[in-house]
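Q: Sequences listed follow chains R and X, in order.
Mind the numbering: the first sequence is residues 0 to 409 in numbering that gives the first Met the number 0, read in order.
Mind the numbering: the second sequence is residues 0 to 221 in numbering that gives the first Met the number 0, read in order.
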Amino acid sequence: MEKISRFLLVFIAILTLAIILPKLYWMAFEKPVRKPFILYSCINDDFMIHRISEKTWEDTKGNQFTREEYEKKLPLMFEKQLITSGSWPDSIIGMALDMRTISKAKSFFRLKASEIDAPFPELYPLFESQSGRTKIDLPDDFFRITWRIDFIEAATNKVLEEKSQLFSAALYQNGFSFPAKKISGLATPRKSIDEGYLIIDSKDQLFHLKMIKGFPYVKEIDVPDGLKFRHISCVDFKNKDFYAYLFSDKNEIYILTQDDYKLIKWPVDGFDASNCDLKIFGDLFNYTVIIEAEDHIKAIALSPDYQVVNTYTENWKLKEDQTEGKIFASLFPAQLSMTSDNSKFIRFYFTPSKGLNWIFLNLLLMAFHFIWLYRRKVKFKNHVPDLGIVAVSGIFGFIAIHFFQNKFFG
Amino acid sequence: MWKSVVYKEWLKIRWFLIGYTLLGILGIGYLFLTVKHGFAFSGGKNIWNSVLFMGHQFFSPLKYVPLVGGLTIAIAQYFPETVNKRIKLTFHLPMGENKILLMMHTFGAVSLLLSFLIFFGLFAVFSLIFFPVQMVTDSVISIFPWFLAGFSAYFLVALIVLEPAWKFRLFYSLVGGFFLTIYFTSAVTSAYGSANTGLFLVTAFLSIALLFSAHRFRKGEM
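(1) Return the Cβ separation of S4(R) and L179(X) in integer angstroms, given the expectation that the two are a contact with Cβ distance under 8 angstroms.
(2) Whole angstroms are fine: how far does the CA of T136(X) sit from the CA of S126(X)?
(3) Quick check: the segment 356 to 367 of chain R against the segment 194 to 201 of chain X, are at least 3 beta-carbon pairs closer than 8 angstroms?
(4) Which residues bound the alpha helix (DSSP H) around A157(X)?
(5) Assign E162(X) to one of two classes, buried (16 or more other C-beta atoms within 10 Å of its C-beta) or exposed (fewer than that).
(6) Mind checking who Y69(R) pairs with in its DSSP beta bridge?
(7) Would you report the Cα separation of V50(X) and E121(R), rounded to the nearest angstrom?
(8) Beta strand (DSSP E) containing V288(R): first to last residue?
(9) Quick one: list the residues of chain X neighbouring I19(R), beta-carbon separation under 8 angstroms, in chain order.
(10) M365(R) lies in the beta strand (DSSP E); which residues open and close that run?
(11) Answer yes or no: do L360(R) and I398(R) have a C-beta to C-beta separation smaller than 8 angstroms?
(12) What residue from L111(X), G26(X), F52(X) has the CA that sits closest to G184(R)'s CA?
(13) Determine the extent of the alpha helix (DSSP H) in which T100(R) is found, giving its start and end residues.
(14) If the cut is a Cβ gap below 7 angstroms, which residues of chain R does M134(X) touch?
(15) Over what stretch of residues does the beta strand (DSSP E) that includes R50(R) continue unbroken?
(16) Alpha carbon to alpha carbon, what distance is there between Q56(X) and I211(R)?
(17) Grouping DSSP H, G and I as helix and E and B as strand, with all else coil, what is T59(R)?
(18) Residue range of the beta strand (DSSP E) that T350(R) falls in?
(19) Should the segment 290 to 300 of chain R be regarded as contacting the segment 127 to 138 of chain R, the criterion being three or more beta carbon pairs within less than 8 angstroms?
(20) Going by alpha carbons, who is nearest to G61(R) out of E313(R), K353(R), G174(R), Y216(R)?
(21) Give me the chain X residues within the contact set of P139(R), using Cβ-Cβ distance strictly less than 9 angstroms, ordered along the chain.
(22) For a contact meaning CB atoms closer than 7 angstroms, what does E160(R) contact in chain X?
(23) Do you know whose CA, among K237(R), I199(R), T338(R), A27(R), lies nearest V187(X)'s CA?
(24) Run through chain R and tell me which residues come within less than 8 angstroms of L111(X), C-beta to C-beta.
(25) Going straight from the alpha carbon of V160(X) to that of P351(R), what length do you get?
(26) If you follow the alpha helix (DSSP H) that E114(R) is in, where does it begin and where does it stop?
(27) For F58(X) and R346(R), I'd like the C-alpha separation in whole angstroms.
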């Protein structure tokens with residue numbers, strides 16, 4: 000029993016050290032990756048790259064610009080600065096534009112991988128979409144979708160039976176299959192207008208639900224066969240072109256157009272929702288889609304009708320391919336972490352080190368332990384499991400077996 | 000024999016256990032008083048909204064309550080055994096040494112469990128007054144590792160206190176201290192859902208940890 004307790008303690012110590020030591024190592028030696036800020040310029044039909052740490056502004060051909068020149072190449076992004084400095088052009092690519100038109104077409108969207116792999120609330124407020132008020136009020140009740148839709152009044156924590164039955168019936172009559180798999184919407188009163196929620200039911204059908212003058216509005220949206228959405232991000236852009244960005248389980252990006260409910264697939268490759276961050280800058284002439292992965296950044300410029308007009312990719316070394324990463328892989332056989340950049344869930348994230356260089360240190364530590372045992376004139380056969388632990392877990396196991404020493408046979 | 004052992008352990012921890020449990024109950028009472036106050040002054044819908052969408056964790060004052068309990072009960076139970084090495088007397092009783100130790104340990108752990116069950120039960124009952132079951136479930140997922148940390152702290156302190164050599168006490172404290180941090184990682188509500196099973200298992204592994212240091216104690220390791 001004591002021996003089992005020791006092995007369990009050694010296991011706990013290895014687990015702890017596999018979390019702490021790599022964390023300390025990276026805190027000491029990790030070098031930040033300075034990702035460039037990339038936007039597509041409608042003026043010279045090229046991507047403009049701002050390297051923030053180097054304070055340089057350039058295009059993809061390597062032409063260097065001053066900050067002022069750079070801003071002039073991106074007038075729809077820096078319009079306020081250009082007006083302030085008196086550099087606002089009379090026309091942009093032959094079009095005279097007013098600020099209202101520019102502002103209406105402007106949009107910015109950001110999605111991190113950790114926002115997709117995250118716990119989601121199971122209750123949402125259903126706002127009144129046509130209240131006739133300029134300000135949206137937070138409703139007194141929140142809904143959940145289980146075997147039906149329930150509205151629960153927050154002040155009393157009681158189900159509002161009449162409203163629940165009314166909305167459940169509306170969903171049911173429109174072919175909704177309870178419960179909901181995913182509920183997506185802008186659950187905040189801080190938006191220009193309420194458009195309710197996009198809901199995926201248990202059969203992967205897509206529905207639009209909102210409340211108009213207290214009554215349910217339910218619309219089933221045509222989704223091509225086999226298309227399943229992994230994540231939906233509703234948006235509130237001024238131009239009201241579309242309700243949401245939708246991300247399929249095959250990492251395709253769709254938009255859902257406003258009012259006519261058309262699903263349009265964007266010709267964007269290279270996005271992986273499990274480990275990439277996404278930024279989309281929209282303006283009157285282009286959408287710039289930025290995909291940020293661990294070892295590269297990809298920029299795709301789309302025309303207003305969503306056709307690719309240009310792409311640009313920039314790569315850098317992965318953390319593990321840099322000198323610090325190679326040293327790490329020689330010291331530690333693996334890394335354990337409770338958190339991940341790509342998720343908001345707490346889990347035991349196990350990452351084995353790249354390559355097998357850690358074997359040398361493991362063997363060295365085994366030899367060291369062997370000599371240590373030899374000097375104590377102990378029977379080796381009683382310490383074979385410890386040597387095995389060091390062989391597999393390296394420095395973590397070595398420290399663990401010396402903290403929790405095997406003296407059962409001394 | 001087991002009745003005498005249980006009585007001896009009860010004598011050691013009773014006031015600490017009762018005091019801790021009462022303070023814990025008062026703490027939970029205060030926690031829900033603040034929730035009730037929030038409902039009265041900010042309105043239920045705003046409280047729900049802040050819990051659901053703004054990251055407000057109304058249960059966060061409970062974070063270190065189980066840890067304090069584990070530390071308190073373990074020190075109350077095992078520290079007196081190390082004064083003048085009184086635990087040696089226990090080892091001379093006509094019963095297996097491990098058996099008697101596990102009996103003591105089980106009594107302490109069950110006492111702690113009862114205290115935690117009271118807290119957990121009160122938390123769930125009061126939460127269900129103010130929040131629907133989905134929000135309560137998410138909260139329970141978040142506080143569960145804190146209660147596991149309470150047990151881990153109890154098991155680790157027993158291990159450390161019974162260890163005869165100061166050098167190794169320091170080593171165990173280092174590992175134990177860092178190990179406990181895995182229960183307290185800052186996270187959004189219900190983020191621990193995927194980790195709780197694993198954490199439960201490693202906590203269970205620690206439950207017999209004191210046998211190791213007790214063995215070293217009996218052998219007279221220095």
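Cβ coordinates follow ideal geometry from the N, Cα and C atoms, glycine included.
Every value quoted in this text rests on a predicted model; they were computed, and no experiment measured them.
A: If we stick to the structure as given:
(1) S4(R) to L179(X), Cβ: 18 angstroms. No contact.
(2) If you take the alpha carbons of S126(X) and T136(X), they lie about 10 angstroms apart.
(3) Segment contact: the segment 194 to 201 of chain X against the segment 356 to 367 of chain R, fewer than three CB-CB distances shorter than 8 angstroms; contact not assigned.
(4) First-last of the alpha helix (DSSP H) with A157(X): 132 to 161.
(5) Buried.
(6) Under DSSP, no beta-bridge partner is assigned to Y69(R).
(7) Looking at the two C-alpha atoms, the distance is approximately 12 angstroms.
(8) For V288(R), the enclosing beta strand (DSSP E) has its first and last residue at 286 to 291.
(9) Those are F177, listed as they occur along chain X.
(10) From DSSP, M365(R) is part of no beta strand (DSSP E) but of the alpha helix (DSSP H) over 357 to 374.
(11) Taking a C-beta distance under 8 angstroms as the contact criterion, L360(R) and I398(R) do not qualify as a contact pair.
(12) Ranking L111(X), G26(X), F52(X) by Cα distance to G184(R) puts F52(X) first.
(13) Looking at the DSSP string, the run of the alpha helix (DSSP H) that includes T100(R) is 98 to 104.
(14) Per Cβ cutoff of 7 angstroms: L122.
(15) It spans 45 to 50 - the beta strand (DSSP E) in which R50(R) sits, taken as one unbroken run.
(16) Our two residues, I211(R) and Q56(X), have alpha carbons roughly 32 angstroms apart in a direct line.
(17) Looking at T59(R) - three-state DSSP - the assignment turns out to be coil, as it is neither helix nor strand.
(18) It spans 348 to 351 - the beta strand (DSSP E) in which T350(R) sits, taken as one unbroken run.
(19) Because the criterion of three Cβ pairs below 8 angstroms is not met, the segment 290 to 300 of chain R and the segment 127 to 138 of chain R do not touch.
(20) If we check each option's Cα against that of G61(R), E313(R) comes out closest.
(21) Strictly speaking, residue 139(R) in this sequence is Asp, with Pro absent from that position. What D139(R) touches in chain X: G42, G43, K44.
(22) Going along chain X, no residue has its Cβ under 7 angstroms from E160(R), so there is no contact; the nearest lies around 15 angstroms.
(23) It is T338(R).
(24) Result: empty, since nearest Cβ-Cβ is about 19 angstroms, beyond 8 angstroms.
(25) Approximately 35 angstroms between the Cα atoms of the pair.
(26) DSSP places E114(R) inside the alpha helix (DSSP H), whose first and last residues are 112 to 115.
(27) Between F58(X) and R346(R), the C-alpha separation is close to 21 angstroms.
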